[in-house]
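*Asks:* Encoded as C-alpha cells, here's the structure I'll be asking about.
In the UniProt record's numbering, the protein residues as written are 1 to 284.
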C-alpha cells in the first residue's frame, strides 16, 4: 500500500517505495488515497511500469482511517466510485479495488454496484468488516455475495494459509481466485502446495534480497515470518535479536548451511538450460 499523494509529489518517495524490472510481470501497484485527483496523478506516473492499479479500501489501521484512506473508504462509496472513474480516464491499465464487507451486506452490494458502474476491472474482497479482528473467521456469505453481484472477476482474501484453505473458499463462494497476506508472508511457497516454508524457498529469498539490496530490517522481518513454523522458541529468541544483514547471514550459514555462492551457480545453470530449451541465442 503506497500513499498516492506522497508518491505523486515526491521523486524520493517513488525511488524508495517502488521498483520493478522487465522480468517482474504482471505487477499490480496498490495505492491508498482519499480522493480521485491524488490517485489519478499517482496512477499516471506508475502506469508505464505496471499491469494494473489497485485501490486500497481495506486497511483497518487507525492511522489510515484517520487519514480517510483504507477501510475508511468503505463508508464513502461515492469517493471510491470517483477514484475508479478518474483512474480509468487517465491510464490504459486495469483498475481494481480491494474492499472489506459491511455488517449489513446490503451496503456491500451497493458499494460494489457503484464501482461496477464506472468500469472497475476486478475486485478483491476481504471477508471481514473494518472492525473485526483477524482472529475472527471470514464471512463466506459476504464474499459469495460480492461474487454474485459482480460482472467482473472477484478474488477472496482472508484466512488463506494453505492450498486447502484456498480451494475450500473457492468452492464455498464461487470466486475466481484467492489472495493471501499473512499466509504468504509466513510461507511464500503456499501456492506451490507447501504447508511450511521449504529451505529452498528461504535460500532463494536470501539470494534475491541480497541481489536487490534489501535493507536489514525488511530482510530480517521476512525471514522471521518464514521461520515461524520451523524454528523452536529458543531459536527464535536468538534469531530475532540479530540486527544486521551480516549477522543474519552468519547465523544461517552456521546453523542451516546457507551457501549463496552455490545457489547462484545453480540459478545460472538453470537459466542457461531454460534459454537453451527456448532456443534463445545467448551470444547476442
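For every residue, glycine included, the Cβ atom is placed at its ideal position computed from N, Cα and C.
All of these numbers come straight from a predicted model, not from anything done at the bench.
How close, in whole Å, do the beta carbons of residue 288 and residue 30 come, if the pair is a contact with beta carbons under 8 Å?
*Replies:* Residue 288 lies beyond the residue range present for the chain, which begins at 1 and ends at 284; the question has no answer from this structure.
*Asks:* Please report the distance separating the alpha-carbon of residue 193 from that of residue 277.
*Replies:* If you take the alpha carbons of residue 193 and residue 277, they lie about 26 Å apart.
*Asks:* What number of angstroms, rounded off, separates the C-alpha of residue 229 from the C-alpha of residue 250?
*Replies:* Taking the straight line joining both Cα atoms gives about 21 Å.
*Asks:* For residue 96, which three-state DSSP category applies?
*Replies:* DSSP places residue 96 in strand when its eight states are reduced to three.
*Asks:* Would residue 125 pass as a contact of residue 142 if the rule is Cβ separation under 9 Å?
*Replies:* Yes, these two residues count as a Cβ contact at 9 Å.
*Asks:* For the alpha helix (DSSP H) containing residue 255, name the first residue and the last one.
*Replies:* It spans 245–256 - the alpha helix (DSSP H) in which residue 255 sits, taken as one unbroken run.
*Asks:* Please check if any C-beta of chain C sits within less than 9 Å of the C-beta of residue 215.
*Replies:* The structure shown has no chain C; it contains just one protein chain.
*Asks:* Please work out which residues of its chain come closer than 6 Å, Cβ to Cβ, to residue 137, disregarding the five sequence neighbours upstream and downstream, and give them in chain order.
*Replies:* Once the five neighbours on either side are set aside, residue 137 has no close Cβ partner at all.
*Asks:* Under 8 Å: do the region 42–58 and the region 12–27 share three or more Cβ pairs, one atom per stretch?
*Replies:* Contact holds: three or more Cβ-Cβ distances are below 8 Å.
*Asks:* Kindly list the residues whose CB is nearer than 6 Å to the CB of residue 84, restricted to its own chain and excluding five residues on each side of it in sequence; keep chain order.
*Replies:* The answer, listed in chain order, is 95, 115, 118, 120.
*Asks:* Below 8 Å on the Cβ atoms is my guess for residue 286 versus residue 40; work out the distance and round it to an integer in Å.
*Replies:* The requested residue 286 does not occur in the structure, where the chain is confined to residues 1 to 284.
*Asks:* Can you tell me whether DSSP reads residue 86 as helix, strand or coil?
*Replies:* DSSP places residue 86 in helix when its eight states are reduced to three.
*Asks:* Measuring only the C-alpha atoms, how far is residue 236 from residue 82?
*Replies:* Those two C-alpha atoms are separated by around 47 Å.
*Asks:* Can residue 99 and residue 149 be called in contact, C-beta distance under 9 Å?
*Replies:* Going by C-beta atoms, residue 99 is not nearer than 9 Å to residue 149.
*Asks:* Check for me: the beta strand (DSSP E) holding residue 31 runs from which residue to which?
*Replies:* Here the beta strand (DSSP E) through residue 31 covers 28–32.
*Asks:* Could you say which of 151, 154, 173 lies nearest to residue 139 if we only look at CA atoms?
*Replies:* The candidate whose alpha carbon is nearest that of residue 139 is 173.
*Asks:* Write down the C-beta distance between residue 225 and residue 185 rounded to the nearest angstrom, noting that I regard them as a contact closer than 8 Å.
*Replies:* Confirmed, about 4 Å.
*Asks:* Starting from the N-terminal side, write out each stretch of the alpha helix (DSSP H) that is 4 residues or longer and does not extend beyond the region 21–80.
*Replies:* Correct list: 36–46, 62–66.
*Asks:* Tell me where the alpha helix (DSSP H) around residue 217 begins and ends.
*Replies:* Where residue 217 is concerned, the enclosing alpha helix (DSSP H) stretches over 216–226.
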